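Here it is in structure tokens:
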């Protein structure tokens, strides 16, 4: 049923996707519960309803489903459908990250980088979680790890390594990484100065600036 819901979602038949996800969620399938939460949050096939989204994320997260744990953490961090609570966000991000979810790993790294949600600012911990996320090919994790190398936060400054990780993220359409590649080519950081390459990546970043990770 969840697969049928996913197939309908991919065809953009959102009401049909809702129907199939609802049947699967009625049998406590956490994937379907999480998908329903996303659809309520975005208002796809149903009226946008953050409270309903939270209800479904919480049901799936309570079953230990890592993706839902990350989604719930993000809601607490943004105050979407629940009161803004960075500490609870960290708790859910950590649960997700400890199961190897790359989004949870990246979010936990961001919280360490910022020293947010009751965590100390800890660049070494941020690097650890960004690397785990980057190694799973998450563009946001790759960008963040590149940024740590670029700035020398939590490890020695290394423009060549920064370039490597920015390029991986940029090739997947990450606009922040594309912007940073432009900066590096413009200034000859880790690569020979190349104004044409710089402009190429700046244009890419501009075209993708509204992309969500």
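Residue numbers (the working numbering): 2 to 214. Where is the CB? At the ideal position from N, CA and C, for every residue including glycine. Quick caveat: nothing in here was measured; it's all calculated off a predicted structure.
Just to confirm, is the Cβ distance from residue 140 to residue 170 under 8 Å? For this step, residue 140 is matched to residue 139 along the chain shown. For this step, residue 170 is matched to residue 169 along the chain shown. Taking 8 Å as the Cβ cut-off, residue 140 and residue 170 qualify as a contacting pair.
For the pair the segment 67-76 and the segment 94-106, tell me if three or more CB-CB distances fall below 8 Å. yes
Terminal residues of the alpha helix (DSSP H) in which residue 141 lies: By 1-based counting over the chain shown, the position of residue 141 is 140. Looking at the DSSP string, the run of the alpha helix (DSSP H) that includes residue 141 is 140-152.
Is the Cβ-Cβ distance between residue 182 and residue 202 less than 8 Å? Residue numbering aside, residue 182 sits at position 181 when the chain shown is read from its first letter. Residue numbering aside, residue 202 sits at position 201 when the chain shown is read from its first letter. Their beta carbons are under 8 Å apart, which means residue 182 touches residue 202 by this criterion.
Given this structure, state the Cα-to-Cα distance separating residue 214 from residue 28, to the nearest angstrom. As a first step, residue 214 is located in the chain shown; it is residue number 213 there, counting from the start. As a first step, residue 28 is located in the chain shown; it is residue number 27 there, counting from the start. With a pLDDT of 46 at residue 214, under the threshold of 50, the modelled position of this residue cannot be trusted, and the question is left open.
Name the two residues that bound the continuous alpha helix (DSSP H) containing residue 97. As a first step, residue 97 is located in the chain shown; it is residue number 96 there, counting from the start. Its alpha helix (DSSP H) spans residues 87-98.
In whole angstroms, give me the CA-to-CA distance for residue 179 and residue 64. In the chain shown, residue 179 corresponds to position 178, counting from 1. In the chain shown, residue 64 corresponds to position 63, counting from 1. Cα to Cα, residue 179 sits roughly 38 Å from residue 64.
I need the DSSP call for residue 2, collapsed to helix, strand or coil. As a working mapping, residue 2 is identified with position 1 in the chain shown. Note: residue 2 maps to coil in three-state DSSP.
Among 177, 210, 176, 151, which has the Cα closest to the Cα of residue 189? Translated into positions along the chain shown, residue 189 becomes position 188. Nearest of 177, 210, 176, 151 to residue 189, Cα basis: 151.
Report all residues from its chain with a CB closer than 6 Å to the CB of residue 125; omit the five preceding and five following residues, and keep chain order. As a working mapping, residue 125 is identified with position 124 in the chain shown. Within the same chain, residue 125 has close Cβ partners 155.
Could you give the residue range of the alpha helix (DSSP H) that holds residue 115? Numbered from 1 along the chain shown, position 114 holds the residue referred to as residue 115. Taken as a continuous stretch (DSSP letters only), the alpha helix (DSSP H) holding residue 115 covers 103-115.
Nearest to residue 103 by alpha carbon, out of 142, 66, 111, 117? Residue numbering aside, residue 103 sits at position 102 when the chain shown is read from its first letter. Nearest option by C-alpha distance: 142.
Alpha carbon to alpha carbon, how far is residue 211 from residue 172? Counting from 1 along the chain shown, the entry for residue 211 is found at position 210. Counting from 1 along the chain shown, the entry for residue 172 is found at position 171. Using only the alpha carbons, I get a separation of about 16 Å.
Which class does residue 14 belong to by DSSP, given the choice of helix, strand or coil? Residue 14 sits at position 13 when you count from the first residue of the chain shown. The three-state reading of DSSP puts residue 14 in coil, since its state is none of H, G, I, E or B.
Which residue marks the beginning of the alpha helix (DSSP H) containing residue 59, and which one marks its end? By 1-based counting over the chain shown, the position of residue 59 is 58. Here the alpha helix (DSSP H) through residue 59 covers 51-63.
How is residue 176 classed by DSSP in three states: helix, strand or coil? On the chain shown, residue 176 is found 175 positions in, with the first residue counted as 1. Here residue 176 carries a helix assignment [DSSP, helix/strand/coil].
Continuous alpha helix (DSSP H) stretch holding residue 205: start and end: Position 204 of the chain shown, counted from the start, is the residue given in the question as residue 205. Looking at the DSSP string, the run of the alpha helix (DSSP H) that includes residue 205 is 196-208.
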